[in-house]
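Novice:
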Amino acid sequence: MRNILIISFLLLLSFHLSAQENYTAFGVKVSFGFSKFSGMDLYEEACIIPGSSFTTISPYTSGVFPAWDIGVVVQHMRDRLMIQGDFTVSYLNTKLNRAYVDKVEEMKRIRIFYNNMSVNLGTKIPVNENFRFVMGGGSYIGFDMSTWFSSRSNFYGVDNYSHTLPDDGVLDAEEADYKVFDFGASVLAGVEYRNIQISLNYQHGLVNVVKDEYPLYNRSCKLNFTYFF
Numbered sequence: 000m001r002n003i004l005i006i007s008f009l010l011l012l013s014f015h016l017s018a019q020e021n022y023t024a025f026g027v028k029v030s031f032g033f034s035k036f037s038g039m040d041l042y043e044e045a046c047i048i049p050g051s052s053f054t055t056i057s058p059y060t061s062g063v064f065p066a067w068d069i070g071v072v073v074q075h076m077r078d079r080l081m082i083q084g085d086f087t088v089s090y091l092n093t094k095l096n097r098a099y100v101d102k103v104e105e106m107k108r109i110r111i112f113y114n115n116m117s118v119n120l121g122t123k124i125p126v127n128e129n130f131r132f133v134m135g136g137g138s139y140i141g142f143d144m145s146t147w148f149s150s151r152s153n154f155y156g157v158d159n160y161s162h163t164l165p166d167d168g169v170l171d172a173e174e175a176d177y178k179v180f181d182f183g184a185s186v187l188a189g190v191e192y193r194n195i196q197i198s199l200n201y202q203h204g205l206v207n208v209v210k211d212e213y214p215l216y217n218r219s220c221k222l223n224f225t226y227f228f
């Protein structure tokens with residue numbers, strides 16, 4: 000009788016834990032991190048600001064610059080499989096160092112905007128009732144949806160030969176020869192405590208995002224803070 004009670008209890012516990020693994024949750028998130036273009040070295044050596052008519056008086060360098068996202072998240076669990084998707088407003092930046100167009104004026108960074116949608120497939124590893132490790136991988140798509148409502152201006156484009164630098168030395172992609180579409184791979188890893196997820200998300204662009212001689216690819220790594228309702 001005792002063994003039957005123990006087995007029954009274990010079966011009920013197993014069923015209860017399994018049921019907990021099947022759910023859908025919605026949340027909001029903010030992300031902060033760094034981004035840059037991969038492939039800048041050829042432009043740096045050629046003294047060219049990519050996607051624009053600007054040239055520098057000498058070679059320059061580039062590097063990472065702060066980037067951020069804000070958006071909504073949906074997470075679906077089916078047994079041990081986690082499907083997590085998000086839709087965000089995303090700003091990416093590439094820092095320019097000593098990119099002097101003349102002896103005084105300097106280009107300081109390139110900024111690019113997307114409405115980003117990503118889907119990661121993965122799993123959760125529970126430590127206790129409230130704490131879990133999260134990991135997954137997938138892909139993302141970026142698109143500038145503002146083009147649906149207004150046209151982009153390539154005022155600083157390669158063929159326009161503008162002699163006026165952008166405000167504060169910041170070149171916005173929507174005012175130069177950059178594409179509105181991006182696509183790449185995504186890797187997610189982090190922890191969950193109750194209904195809060197803190198995760199690190201690396202995105203590796205696979206599509207050339209500039210209309211210029213040499214290809215550029217987005218790279219970003221951000222720390223996500225997600226609250227599930």
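Note that the sequence shown covers residues 0 to 228 in numbering that gives the first Met the number 0. No residue lacks a Cβ here, since even glycine has one placed at the ideal position from N, Cα and C.
How big is the Cα-Cα spacing for Ser13 and Lys123?
Specialist: With a pLDDT of 42 at Ser13, under the threshold of 50, the predicted position of this residue should be treated as unreliable, and no value is reported.
Novice: Under three-state DSSP, which class holds Ser152?
Specialist: Correct three-state label for Ser152: coil.
Novice: Could you give the distance in angstroms between the alpha-carbon of Phe224 and the alpha-carbon of Phe182?
Specialist: Rounded to the nearest angstrom, the two C-alpha atoms are 23 Å apart.
Novice: State the DSSP-derived secondary structure class of Gly32, mapped to helix, strand or coil.
Specialist: Reduced to three states, the DSSP call for Gly32 is strand.
Novice: With 16 other CB atoms within 10 Å as the buried threshold, where does Ala45 fall?
Specialist: By the neighbour-count rule (16 or more Cβ atoms within 10 Å), Ala45 is not buried but exposed.
Novice: Could I get the ranges of all uninterrupted beta strand (DSSP E) runs contained in the region 45 to 80, with 3 residues as the minimum, in chain order?
Specialist: Listed in chain order, they are 60 to 77.
Novice: Helix, strand or coil: how does DSSP classify Ser161 here?
Specialist: Note: Ser161 maps to coil in three-state DSSP.
Novice: Beta carbon of Ser138, beta carbon of Ser185: below 7 Å?
Specialist: It is a contact, given that the beta carbons lie within the stated cut-off.
Novice: For Glu105, report the span of its beta strand (DSSP E) as first-last.
Specialist: Its beta strand (DSSP E) spans residues Glu105 to Pro125.
Novice: Which partner residues does Met39 have in the DSSP bridge list?
Specialist: Note: Met39 sits in no beta bridge, so no partner.
Novice: Does the distance from the CB of Val133 to the CB of Glu191 come in under 7 Å?
Specialist: Cβ distance < 7 Å, so Val133 and Glu191 count as in contact.
Novice: Please go through the same chain and pick out, in chain order, the residues whose beta-carbon is closer than 6 Å to the beta-carbon of Tyr155, but skip the five residues on each side of it.
Specialist: Ser51, Ser161, Glu174 and Ala175.
Novice: Are the beta-carbon atoms of Leu215 and Pro58 separated by less than 7 Å?
Specialist: Cβ distance not < 7 Å, so Leu215 and Pro58 don't count as in contact.
Novice: Return helix, strand or coil for Asp166, following the three-state DSSP convention.
Specialist: Note: Asp166 maps to helix in three-state DSSP.
Novice: Can you tell me where the beta strand (DSSP E) with Thr225 in it begins and where it stops?
Specialist: Its beta strand (DSSP E) spans residues Tyr216 to Phe227.
Novice: Can you look up Glu174 in the DSSP assignment and give me helix, strand or coil?
Specialist: Correct three-state label for Glu174: helix.
Novice: Taking only the alpha-carbon atoms, compute the straight-line gap between Ile47 and Gly32 and give it to the nearest angstrom.
Specialist: Answer to the nearest angstrom: the Cα atoms are 26 Å apart.
Novice: Near Ser7, which residues of its chain fall below 6 Å by C-beta distance, leaving aside the five closest residues on each side in sequence?
Specialist: With a pLDDT of only 44 at Ser7, under the threshold of 50, the placement of this residue in the model should not be trusted, and no figure is reported.
Novice: Taking Arg193 as part of the beta strand (DSSP E), name the residues at either end of that continuous run.
Specialist: Unbroken run through Arg193: none, as it is neither H nor E.
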